[in-house]
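Participant: Chains as they are written, first to last, in the working numbering: chain A, -8 to 133; chain B, 685 to 756. Where is the CB? At the ideal position from N, CA and C, for every residue including glycine. Remember, predicted model here, so these are calculated numbers, not experimental data.
Here is the structure:
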């Protein structure tokens, strides 16, 4: 496994872990407070900081443990581009949903979490695409 | 199942004939990772023209002795 593929797994795992934790926390608060009235802002900021820190620390630890820092080559760059390309479609489509929510003057809780959901989904689709491509190869002609 | 490209190669055989050069050695000479050499040998990745030339020059053979393109 190259450093780049390993990095993709780390980001995917961190995304599921941290955003999953956030979703559970918010839904837990929903037991006592209507969802749209929950003060999520501070928790969201903490979550983003923890997410970034977790990724940085994981990369450092993995580099130390495996003593492998390959740098990316042409295959890594091609797979990265294709993964981002597919994730871009998810992001673009999802942002339309966010736009519709904003135009409908929906409460900001829902707009913020729709945007967050789209970002998370796009990231997971990008990562899943890259992992599949690392295992099976790029499509013909790409 | 690995997705095969239309470009086939004899990198593994050439590597074996070159004093059993390792994948890591070939990768280092061609500025790619060992995993990319593995993917090339398994037909899961078609290298760029530049990398293809580097591979051919490593083995000191013409490009079309390393890679073949098959019409579908």
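As a quick exercise: from 105/A, 98/A, 125/A, 112/A, pick the residue whose alpha carbon is nearest that of residue 25/A.
Facilitator: Selected option, being the one with the closest Cα: 98/A.
Participant: Any heavy atom of the ligand COA closer than 6 Å to the CB of residue 728/B?
Facilitator: This structure simply doesn't include the ligand COA, nor any ligand for that matter.
Participant: Exposed or buried, what is residue 740/B when buried is set at 16 or more other beta-carbons lying within 10 Å of its beta-carbon?
Facilitator: Buried, since its Cβ has 16 or more Cβ neighbours within 10 Å.
Participant: Spell out a yes or no on whether the region 119 to 130 of chain A and the region 68 to 88 of chain A are touching, meaning 3 or more CB-CB pairs, one atom from each, closer than 8 Å.
Facilitator: The region 119 to 130 of chain A is in contact with the region 68 to 88 of chain A.
Participant: Residues of chain A with CB under 7 Å from residue 723/B, in chain order?
Facilitator: Here the neighbours are 66, 128.
Participant: If contact means a Cβ-Cβ distance below 8 Å, which residues of the region 696 to 721 of chain B contact chain A?
Facilitator: Of all residues in the region 696 to 721 of chain B, 715, 716, 717, 719, 720 have a Cβ within less than 8 Å of some Cβ in chain A.
Participant: Rounded to whole angstroms, what's the CA-CA distance from residue 734/B to residue 79/A? Just pull it up for me.
Facilitator: In a straight line, the C-alpha of residue 734/B is about 29 Å away from that of residue 79/A.
Participant: Are the C-beta atoms of residue -7/A and some chain B residue less than 7 Å apart?
Facilitator: Interface residue, yes.
Participant: Extract the residue ranges of the alpha helix (DSSP H) inside the region -3 to 57 of chain A, only unbroken runs of 4 or more that lie entirely within it.
Facilitator: You should have 32 to 57.
Participant: In whole angstroms, what separates the C-alpha of residue 134/A from that of residue 46/A?
Facilitator: Coverage of chain A is limited to positions -8 through 133, which leaves residue 134/A absent and any answer about it impossible.
Participant: Residue 0/A to residue 118/A, Cα distance in whole Å?
Facilitator: In a straight line, the C-alpha of residue 0/A is about 7 Å away from that of residue 118/A.
Participant: Would you verify that the beta carbon of residue 732/B is, or is not, closer than 7 Å to some beta carbon of chain A?
Facilitator: Interface residue, yes.
Participant: What does DSSP give as the partner residues of residue 691/B in its beta bridges?
Facilitator: According to DSSP, residue 691/B bridges with 753/B.
Participant: Considering residue 745/B, what are the terminal residues of the alpha helix (DSSP H) in which it resides?
Facilitator: Unbroken run through residue 745/B: none, as it is neither H nor E.
Participant: Quick one: grab the DSSP three-state call for residue 62/A.
Facilitator: Residue 62/A falls in the coil class under three-state DSSP.
Participant: From residue 27/A to residue 101/A, what does the alpha carbon distance come to, in whole angstroms?
Facilitator: If I take the Cα positions, the gap works out to 7 Å.
Participant: For chain A, find out if any of its Cβ atoms is closer than 7 Å to the Cβ of residue 737/B; answer yes or no.
Facilitator: Not closer than 7 Å to any Cβ of chain A, the Cβ of residue 737/B fails to qualify, so no.
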